[in-house]
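Novice:
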Amino acid sequence: MERLSIDLPTSDGALDAMGDAPAFDSSNRPVKKSSSTCATCRARKVKCDGRRDMCQNCERLGFTCSFQDTGSPAIDAETAASFSLPRRRVRLACINCHSRKARCSGETPKCARCQSQGIECVYKPTKRSGGVNGSSTHYTGTGTGTDSDHDSIGSEPPEKRPMLRKDDNGAHHGRVPGQDDASYDLSRAPAARIFGHEPIQFPDETLILRTFNNFFRHVHHVPVFSFLHRASLMQRYHSGMMDRALLLALVGLTSLLTDLGPGMREYGTKCIDECQNMILQDLENPSTIKIQALLLIMKHRMLSRRFTGAFMLAATAARFAYALRLNYENPGLCFLARESRRRLMWAFVTIDSGINGGYPDFTLLPSESMHIQLPCNERNFEFDLPQVTEHLRPIPTKPFPDDVGSLALHVRLLWMRSRVLYCTKNVLAMPDTEIAQLPELVKVLEEELQGFNEHLPASFKFSDSNLQLRAYSPRLCVFIMIHIWWRQCHSDLYRVVLSGLKEALPRSAIDRLHPQFVMHCARRSYEHALAMAEIFRSIHQLDGGLPVTDLDLPACAYQCARMLFHAHQMHAGEFGISADLIMEHTSRCLQVAKTMAHLPAGAAIVSDLEKLISNGLSASSSPSLPASPAPGAVSVISQQVLSRHNPVQQMRLTDDNDITAGTGRSPSNYIPSPHGNGSVHTPTTVQNMQQQQQQQHQQQQQQLTTQPQTQAQQQQQAMMQQQMAARGMPYPDMSQPLLNSAIAKPNLPPVVPPEGLDNNNAFEGAMDGFDFNFVSYGSTGLESVSWFSNEWLNTEFPQTAV
3 MERLSIDLPT
13 SDGALDAMGD
23 APAFDSSNRP
33 VKKSSSTCAT
43 CRARKVKCDG
53 RRDMCQNCER
63 LGFTCSFQDT
73 GSPAIDAETA
83 ASFSLPRRRV
93 RLACINCHSR
103 KARCSGETPK
113 CARCQSQGIE
123 CVYKPTKRSG
133 GVNGSSTHYT
143 GTGTGTDSDH
153 DSIGSEPPEK
163 RPMLRKDDNG
173 AHHGRVPGQD
183 DASYDLSRAP
193 AARIFGHEPI
203 QFPDETLILR
213 TFNNFFRHVH
223 HVPVFSFLHR
233 ASLMQRYHSG
243 MMDRALLLAL
253 VGLTSLLTDL
263 GPGMREYGTK
273 CIDECQNMIL
283 QDLENPSTIK
293 IQALLLIMKH
303 RMLSRRFTGA
313 FMLAATAARF
323 AYALRLNYEN
333 PGLCFLARES
343 RRRLMWAFVT
353 IDSGINGGYP
363 DFTLLPSESM
373 HIQLPCNERN
383 FEFDLPQVTE
393 HLRPIPTKPF
403 PDDVGSLALH
413 VRLLWMRSRV
423 LYCTKNVLAM
433 PDTEIAQLPE
443 LVKVLEEELQ
453 GFNEHLPASF
463 KFSDSNLQLR
473 AYSPRLCVFI
483 MIHIWWRQCH
493 SDLYRVVLSG
503 LKEALPRSAI
513 DRLHPQFVMH
523 CARRSYEHAL
533 AMAEIFRSIH
543 QLDGGLPVTD
553 LDLPACAYQC
563 ARMLFHAHQM
573 HAGEFGISAD
583 LIMEHTSRCL
593 QVAKTMAHLP
603 AGAAIVSDLE
613 KLISNGLSAS
623 SSPSLPASPA
633 PGAVSVISQQ
643 VLSRHNPVQQ
653 MRLTDDNDIT
663 AGTGRSPSNY
673 IPSPHGNGSV
683 HTPTTVQNMQ
693 QQQQQQHQQQ
703 QQQLTTQPQT
713 QAQQQQQAMM
723 QQQMAARGMP
733 YPDMSQPLLN
743 SAIAKPNLPP
753 VVPPEGLDNN
763 NAFEGAMDGF
773 DFNFVSYGST
783 GLESVSWFSN
793 EWLNTEFPQT
803 AV
């Protein structure tokens, strides 16, 4: 077969011959391929359709075709050979565009696609050079590297995904080590030098996908983890916008609750540590994603029995949430984003209610500050079906709708439990003369709990059939916990008068109550504990077994066993309780608690429950509070009477007793509780200190108003006035009071969703930061003047109260 020529024409005659080639004739010899290919397509080395006048390729791309106008002067060989075409591809595409098979502009330090999407742009170094245009991406310890605007996961292969770092000025930087390294040496980064943690290797693609699968199959159904929307999360990950801190938190939590492989639990702990360090180094930029990551970190700390760290991180997350106004509805977001934020805040509220134990001192998110709807139905959240739900308050007086979400019921029930705990803690602080009000308070809370159970739809009422119908449903966990918590609320309410428990009133106060009321509380407490044990029996009969749960289940099992043993010790004859029955039910409680024994916090609960059962029926319950404090002892009011497994009870805190050794006791007064009409005691010394501080502040303000401003202060004030005028903001007159000041607050520009993400995404606005000048939702914006003070601009803080 004759070899086809691919050489360019070398003369005008050749071009003319090519343009005037006769049509194909079956009787003649087949025309060579070169005769049906224009010079432009031959130079571009692409297939030409041979259409005369102008081939399709040249017509589409706007090139000059050699077939065009055969009567015109032909293109000479030199012109054809030197024909310059615009380059359609760059010499080297970045890793992100290459992995996604997207067109890369090849610009440095960031290509157009990575810059528009706000993702990291990394070029793989060639053999001849260490990087594009001679730039190196290796970490040298001097802050070199590719800049990155977001701590996000690029869509390049995970083994090439670098960890981000920050320099001393807080700027984000790209990959720190060389591109060929699979791990990120955090020991040389600033975070490692500060916190001293060991370097970790970033999770690869297999681990990330396995984490997503395990989390949404086995963990997501737990109420406190239901704020993540799977489709939105996966869409964000595949588009290269996944936040690093959130991804590390997911890996750490999932490795603790599920089996991701050998050694993954230790690796997950390192991921949690790194995630925490990343957030703590960027406290000045709060975002919804950081709150999500903090919530996962808090739960990991609590499950690992590191309650002190979770307790302190909760304050940071609460500040983030209030700064971003997540406790208010944002009508500017899509339904998925609003619902995800609601679920995040309600999950935080439930965690906070479990931590505070009924004490306002430990409360970060009181229910009065939640101006958002309750979570919607799970199906509507999954399939983006907008639904209007009711608010937490007031307490509904009519049955719940059939499409009510199980998560909304769970939130409402835990709020009712927090009211019960606040009431019982206030009762402990009441003088003996006011204990007579206790039966009325108990009756009101009893009616609320009973109304909740009566208003449940038929499908949500507890029965063996409803339980079996949910045996293979992801809603099994929340269904079980709704009825477990409903029983536990009654135990928390009645145990305040059960003599022998540390949560009970002093014996002298209980003696002031009517014996019939005390016996009623004791009987009702035993009945609900018995019913809870029956729920545990039904759980063991499930075909699919018990799903992954939170620490609430073993904690309630421990409290159930306590109530059963107490009832046998104090009222075995009146209630007809046998020892065999108690041991049978408490063994069921132990079996349920052992489902969380693989976690450090769950193992501690199991150990306590085993000790309680081993002591048996002869064990004495924790004593009640003494009738009167011993001379020189700390007042009972100042102590926290918390359950054994309350996070605050298990924190490791040290206090310098020398500081408070000389503090004497003083009369106490009442302050209203944030969760009810009750009251708690607080020493009047706090009020005296506040009055003294107010007086000192007034004196200092008088001195400031009478003292003339220095020339430096006047110049500084004029400079600030010019800066704020340039921003379109009026400068406040510092000589006038700052109360009721009407300062215009500019609106923020609309949030533009990232390229490639649909508008209906649960992460819409998740990266939006906090602006002190923004107009919030529902006329609840913060006054910018309250955050601004001319004195803050001085190099040193003045000696005045702020």
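All letters in the sequence shown, in the order written, are residues 3 to 804 by our numbering. For each residue, glycine too, the CB sits at the ideal point set by N, CA and C.
So H587 and A524 are supposed to be a Cβ contact under 8 Å. How far apart are they, rounded?
Specialist: Taking the sequence shown and counting its residues from 1, one reaches residue 587 at position 585. Taking the sequence shown and counting its residues from 1, one reaches residue 524 at position 522. H587 to A524, Cβ: 17 Å. No contact.
Novice: Should T271 be flagged as near chain C, meaning a C-beta pair shorter than 9 Å?
Specialist: The structure shown contains no chain C; it holds only a single protein chain.
Novice: Count the other CB atoms within 10 Å of the CB of Y239; is the residue buried (16 or more) or exposed (fewer)?
Specialist: Here the question's residue 239 lines up with position 237 in the sequence shown. Burial call: buried.
Novice: List the residues that DSSP assigns as beta-bridge partners of Q375.
Specialist: Taking the first residue of the sequence shown as position 1, residue 375 is located at position 373. BP columns for Q375 point to H393.
Novice: In angstroms with no decimal places, state the Cα-to-Cα distance between F383 and F765.
Specialist: Here residue 383 refers to the residue found at position 381 of the sequence shown. Here residue 765 refers to the residue found at position 763 of the sequence shown. Distance between the alpha carbons of F383 and F765 is about 13 Å.
Novice: To the nearest angstrom, report how far apart L409 and N379 are at their CA atoms.
Specialist: On the sequence shown, position 407 is the one that residue 409 refers to. On the sequence shown, position 377 is the one that residue 379 refers to. Distance between the alpha carbons of L409 and N379: 8 Å.
Novice: Could you tell me if T435 is buried or exposed, where buried requires 16 or more neighbouring beta carbons within 10 angstroms of its beta carbon?
Specialist: As a first step, residue 435 must be located in the sequence shown, where it is residue number 433. Per the 10 Å Cβ criterion, exposed.
Novice: Apply the 10 Å Cβ neighbour rule to G546 and answer buried if 16 or more other Cβ atoms are within range, or exposed otherwise.
Specialist: Your numbering for residue 546 matches position 544 in the sequence shown. Classification of G546: exposed, given that the 10 Å Cβ count is below 16.
Novice: What's the C-alpha gap between G356 and H542?
Specialist: Translated into the one-based positions of the sequence shown, residue 356 becomes position 354. Translated into the one-based positions of the sequence shown, residue 542 becomes position 540. Using only the alpha carbons, I get a separation of about 26 Å.
Novice: Express the C-alpha separation of L297 and R246 in angstroms, rounding to a whole number.
Specialist: Sequence index remark: in the sequence shown, residue 246 carries index 244 (1-based). Sequence index remark: in the sequence shown, residue 297 carries index 295 (1-based). Taking the straight line joining both Cα atoms gives about 15 Å.
Novice: Since M300 contacts L315 with CB under 8 Å, what's their CB separation in whole angstroms?
Specialist: Within the sequence shown, the letter at position 298 stands for residue 300. Within the sequence shown, the letter at position 313 stands for residue 315. The pair is a contact, with the Cβ atoms about 5 Å apart (cut-off 8 Å).
Novice: Out of curiosity, what's the CA-to-CA distance linking A325 and Q294?
Specialist: Looking up residue 325 in the sequence shown gives position 323. Looking up residue 294 in the sequence shown gives position 292. If I take the Cα positions, the gap works out to 15 Å.
Novice: Sort T426, A563, A605 by Cα distance to V499 and report the nearest one.
Specialist: By 1-based counting over the sequence shown, the position of residue 499 is 497. Answer by Cα proximity: T426.
Novice: I'd like to know whether the C-beta atoms of F462 and F402 end up nearer to each other than 9 Å.
Specialist: Along the sequence shown, one-based indexing puts residue 462 at 460. Along the sequence shown, one-based indexing puts residue 402 at 400. In this structure, F402 lies closer than 9 Å to F462 by Cβ.
Novice: Just how far apart, CA to CA, sit L430 and L440?
Specialist: Your numbering for residue 430 matches position 428 in the sequence shown. Your numbering for residue 440 matches position 438 in the sequence shown. Their Cα atoms are separated by approximately 10 Å.
Novice: According to the Cβ coordinates, are L515 and I584 closer than 9 Å?
Specialist: In the sequence shown, the residue the question calls residue 515 occupies position 513. In the sequence shown, the residue the question calls residue 584 occupies position 582. For L515 and I584, no; Cβs fall outside 9 Å.
Novice: Going along the chain, which residues of its own chain have a beta-carbon closer than 8 Å to the beta-carbon of Y560, five neighbours each way excluded?
Specialist: Position 558 of the sequence shown, counted from the first residue, corresponds to residue 560. Correct list, in chain order: C591, A595, I607, D610, L611, L614, R646, H647.
Novice: Mind the definition here: the segment 475 to 495 touches the segment 447 to 460 only if three or more C-beta pairs lie below 8 Å; say whether that holds.
Specialist: Verdict: yes, contact present.
Novice: Out of F227, H522, A605, which one is the CA nearest neighbour of F350?
Specialist: Against the sequence shown, residue 350 aligns to sequence position 348. Residue F227 is the option with its Cα nearest to F350.
Novice: Measuring alpha carbon to alpha carbon, tell me which of I579, L423, Q470 ends up nearest A506.
Specialist: If you number the sequence shown from 1, residue 506 lands on position 504. With distances taken between Cα atoms, A506 lies closest to L423.
Novice: Could you tell me whether the Cβ atoms of F229 and R343 are closer together than 9 Å?
Specialist: Taking the first residue of the sequence shown as 1, we reach residue 229 at position 227. Taking the first residue of the sequence shown as 1, we reach residue 343 at position 341. Yes, Cβ-Cβ distance for F229 and R343 is below 9 Å.
Novice: Please return the same chain residues whose Cβ sits closer than 7 Å to the Cβ of R340, not counting the five positions on each side in sequence.
Specialist: Position 338 of the sequence shown holds residue 340. The answer, listed in chain order, is E331, N332.
Novice: Roughly how many whole angstroms lie between the Cα atoms of S668 and N358?
Specialist: Indexing the sequence shown from 1 puts residue 668 at position 666. Indexing the sequence shown from 1 puts residue 358 at position 356. Confidence at S668 is low in this model, with a pLDDT of 32, below 50, so the placement of that residue should be treated as unreliable; the coordinate-derived value is given next. So the alpha carbons of these two residues sit roughly 25 Å apart.
Novice: Within the present structure, is the beta-carbon of C273 separated from the nearest heavy atom of the ligand MG by less than 8 Å?
Specialist: Absence of the ligand MG is noted for the structure shown, with no ligands found whatsoever.
Novice: Is it right to say F322 is buried, meaning 16 or more other beta carbons lie within 10 angstroms of its own, or is it exposed?
Specialist: One-based indexing of the sequence shown puts residue 322 at position 320. Burial call: buried.
Novice: Go ahead and pull the three-state DSSP assignment for I121.
Specialist: Along the sequence shown, one-based indexing puts residue 121 at 119. Three-state result, I121: coil.
Novice: For N279, count neighbouring C-beta atoms within 10 Å of its own C-beta (all shown protein chains included) and say buried if the count is 16 or more, exposed if not.
Specialist: Taking the first residue of the sequence shown as 1, we reach residue 279 at position 277. The residue in question, N279, is buried, as its Cβ has 16 or more Cβ neighbours within 10 Å.
Novice: Taking the alpha helix (DSSP H) that F65 falls in, what are its first and last residues?
Specialist: Against the sequence shown, residue 65 aligns to sequence position 63. Element bounds for F65: n/a, residue is neither H nor E.
Novice: Which residue wins for smallest C-alpha separation from S101, given the options A531, C116, P111?
Specialist: On the sequence shown, residue 101 is found 99 positions in, with the first residue counted as 1. Of A531, C116, P111, the residue nearest in Cα terms is C116.
Novice: Report the three-state DSSP secondary structure of M244 (helix, strand or coil).
Specialist: Along the sequence shown, read from residue 1 onward, the residue named residue 244 stands at position 242. M244 falls in the strand class under three-state DSSP.
Novice: Near R526, what residues of its chain come up, given a Cβ to Cβ distance below 6 Å and the 5 sequence neighbours on each side ignored?
Specialist: Here residue 526 corresponds to residue number 524 of the sequence shown, with the count starting at 1. The residues are Y496.
Novice: Between which two residues does the alpha helix (DSSP H) holding G575 run?
Specialist: Start at 1 with the first residue of the sequence shown, and residue 575 comes out as number 573. Start and end: 554 to 577.
Novice: Straight-line CA distance for N617 to H220?
Specialist: Taking the sequence shown and counting its residues from 1, one reaches residue 617 at position 615. Taking the sequence shown and counting its residues from 1, one reaches residue 220 at position 218. Answer to the nearest angstrom: the Cα atoms are 36 Å apart.
Novice: For the alpha helix (DSSP H) that contains L592, what are its first and last residues?
Specialist: On the sequence shown, residue 592 is found 590 positions in, with the first residue counted as 1. Start and end: 581 to 595.
Novice: Which of the three DSSP states, helix, strand or coil, is assigned to Y424?
Specialist: Along the sequence shown, read from residue 1 onward, the residue named residue 424 stands at position 422. In the structure shown, Y424 sits in a helix (DSSP, three-state: H, G or I).
Novice: Please report the residue range of the alpha helix (DSSP H) in which K49 lies.
Specialist: Counting from 1 along the sequence shown, the entry for residue 49 is found at position 47. No alpha helix (DSSP H) holds K49; DSSP gives it neither H nor E.
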